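Peer 1: Just dropping this structure here.
In our numbering, the protein residues as written are 704 to 1155.
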């Protein structure tokens, strides 16, 4: 089986680039791989031995039978994924959605071309008149849309042969809008250094105090990682643990409101972006990691899987794919009004209880070894790719677009149908009994019930 892999690749500064580079050797045990490259793209030295295929030659290779299937890796960034999305729509293959929200990718690609009408057209095609109105209002006012409400994954799902995601949460959300799509869950592959340094050695190498209570926040610091909440929690925590510090191993986004003040807050140290070895070293140095995420976009956090694999106790948000991590392997805090108070409480408990931290960490390490092995993930990829290469998967077609409601339906039926579509788009399925019960009660209260 000959597979063309089209993804960001090192030295591009992208988590998906690192992910793909780590996956390639394991996937190569199942298939002949070649890397699709863009004009002028350079590759890291350790990728130099892989065969390359310029993207301009990909269509010809498929037509000549030199490539059996294309594997596309997509994330929500126009900087690295604009050409990948364009090619995936033109040459259907297997698409890995590292998050199901592609709104910023689609919008960014349109604006980079100076053609905002392309973005408006996509929103109209996927979400009808409501999507078009929302886009025009955003352009007129400068107030952005909520990407989670208008995710824009539909066009690429409609056109591809199959989709890979890393969580049941993401799979359910896609199938709620596109029930005929073939969506496979392949667990996020864990790749760690061969011989961990250990906490004391990691702190020595990084020049950190060997005894201070140390929290960690890892990766690119963006608003959805709740950094302000974490820093406020640290300030309150230092009333009880005066020596406690927060280590930020990653760049602070220039678009993060108050980012400069956050970096200068008492007890905060910012290491900036690190290479993968030092990134792992920083993880090993901390006592507790904080990996909050809200709102969620269907992503699986690579940082979280690495932290769990290293046996770190991790505090996560009780939302999205995070709820699929067993409670014995992490500590969850609610989103919403109780978030900060809960975070302070659980961090205080963890810092005061080394045995509890060790137990959670041991559970986390065992869980990731059993469910996130690199070889098993590569096997999952290979099985789906082979099925598609043999003619499986769903047949690519034009975007389905919104399904307009027949105007002749009675008003109550039209409203109920629209309500059903909205619930599906939000990822509510027939297993969400509590939500459906509340909706049913509200429907009955306003008198929308249908007569037989």
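C-beta atoms are modelled at their ideal positions from N, C-alpha and C, and glycine is treated no differently. Here the structure is a predicted model, which is why all the values come from computation and not from measurement.
1. Please confirm whether residue 1001 and residue 868 have their CB atoms less than 8 Å apart.
2. In the segment 915 to 955, which residue ranges form an unbroken beta strand (DSSP E) of at least 3 residues, counting only runs that do not cross its ends?
3. Secondary structure at residue 755, three-state DSSP: helix, strand or coil?
4. Does residue 1020 come out as helix, strand or coil in the three-state DSSP assignment?
5. For residue 1006, which beta-bridge partners are listed by DSSP?
6. Taking buried to mean at least 16 other C-beta atoms within 10 Å of its own C-beta, is residue 907 buried or exposed?
7. Short of 6 Å in beta carbon distance, which residues of its chain neighbour residue 713, apart from the five on each side in sequence? Order them along the chain.
8. Which same chain residues, not among the five before or five after residue 915, have their C-beta less than 8 Å away from its C-beta?
9. So, helix, strand or coil for residue 867, using DSSP?
10. Answer with buried or exposed for residue 817, where buried requires no fewer than 16 other C-beta atoms within 10 angstroms of its C-beta.
11. On the CB-based measure, 16 or more other CB atoms within 10 Å of its CB, does residue 1152 come out buried or exposed?
12. Please report the straight-line C-alpha distance between residue 1031 and residue 1041, rounded to a whole angstrom.
13. Do residue 1060 and residue 1025 have their CB atoms nearer than 8 Å?
14. Using a Cβ-Cβ cut-off of 6 Å (strictly less than) and excluding sequence neighbours within five positions of residue 771, which residues of its own chain qualify?
15. What would DSSP say about residue 705, mapped onto helix, strand or coil?
16. Identify whether residue 1045 lies in helix, strand or coil by the three-state DSSP scheme.
17. Which value, in whole angstroms, describes the spacing of the CA atoms of residue 786 and residue 1044?
18. Within the same chain, show all residues whose beta-carbon is closer than 7 Å to that of residue 796, passing over the 5 residues directly before and after it, in chain order.
19. Could you give the DSSP three-state label for residue 1015: helix, strand or coil?
20. Count the other CB atoms, across all protein chains shown, that sit within 10 Å of the CB of residue 1004; report buried if there are 16 or more and exposed otherwise.
21. Between residue 729 and the rest of its own chain, which residues show a CB-CB distance below 8 Å, the 5 nearest in sequence each way excluded?
22. What three-state label does DSSP hand residue 792 in the structure shown?
23. Between which residues of its own chain and residue 954 is the CB-CB distance below 8 Å, once the five residues before and five after are set aside?
24. Is the beta carbon of residue 779 closer than 8 Å to that of residue 821?
25. Measure from the alpha carbon of residue 847 to the alpha carbon of each residue in 858, 855, 810 and 727, then state which is nearest.
26. Take the Cβ of residue 1039 as the centre, count every other Cβ of all protein chains shown within 10 Å, and call the residue buried at 16 or more, exposed below.
27. What did DSSP end up calling residue 1098 once you bin it into helix, strand or coil?
28. Going by DSSP, what residues sit across from residue 994 in a beta bridge?
29. Going by beta carbon distance, what residues of the same chain come within less than 7 Å of residue 715, once the five residues before and after it are set aside?
Peer 2: This is what the structure gives:
1. Contact flag set, yes.
2. Taking 3 residues as the minimum length, the beta strand (DSSP E) runs contained wholly in the segment 915 to 955 are 917 to 921 and 948 to 952, in order along the chain.
3. In this structure, DSSP gives residue 755 an extended state, which the three-state scheme calls strand.
4. Residue 1020 falls in the strand class under three-state DSSP.
5. Per DSSP, none; premise fails for residue 1006.
6. Exposed, since its Cβ has fewer than 16 Cβ neighbours within 10 Å.
7. Annotation for residue 713: 720, 724 and 747 place their beta carbon closer than 6 Å to its own, counting only its chain and skipping 5 residues before and after.
8. Hits under 8 Å: 946, 947 and 948.
9. The three-state reading of DSSP puts residue 867 in strand, counting E and B together.
10. Residue 817 is exposed by the Cβ-count criterion.
11. The pLDDT assigned to residue 1152 is 47, lower than 50, so where the model puts this residue is not dependable; a value taken from the coordinates is nonetheless given after this. Residue 1152 is exposed by the Cβ-count criterion.
12. For residue 1031 and residue 1041, the distance between alpha carbons rounds to 21 Å.
13. With contacts defined by Cβ atoms closer than 8 Å, residue 1060 and residue 1025 do not form a contacting pair.
14. Answer for residue 771: 704, 705 and 1092, listed in chain order.
15. DSSP places residue 705 in the strand class (E or B) of the three-state scheme.
16. If DSSP states are grouped into helix, strand and coil, residue 1045 belongs with the helices.
17. Residue 1044 has its alpha-carbon roughly 44 Å from the corresponding atom of residue 786.
18. Once the five neighbours on either side are set aside, the close Cβ partners of residue 796 are 772, 773, 774, 775, 863 and 864.
19. It is coil, neither helix nor strand.
20. With 16 or more Cβ atoms within 10 Å of its Cβ, residue 1004 is classed as buried.
21. If we look at residue 729 and ignore the five residues flanking it on each side, its Cβ neighbours are 892, 1077, 1078, 1080 and 1081.
22. Residue 792: helix per DSSP, three-state reduction.
23. Closer than 8 Å at Cβ, skipping near neighbours: 923, 924, 975 and 976.
24. The beta carbons of residue 821 and residue 779 sit no closer together than 8 Å.
25. The shortest C-alpha separation from residue 847 is found at 810.
26. By the 10 Å Cβ count, residue 1039 comes out exposed.
27. Reduced to three states, the DSSP call for residue 1098 is coil.
28. For residue 994, which the question treats as bridged, DSSP gives the partners 1019.
29. If we look at residue 715 and ignore the five residues flanking it on each side, its Cβ neighbours are 783.
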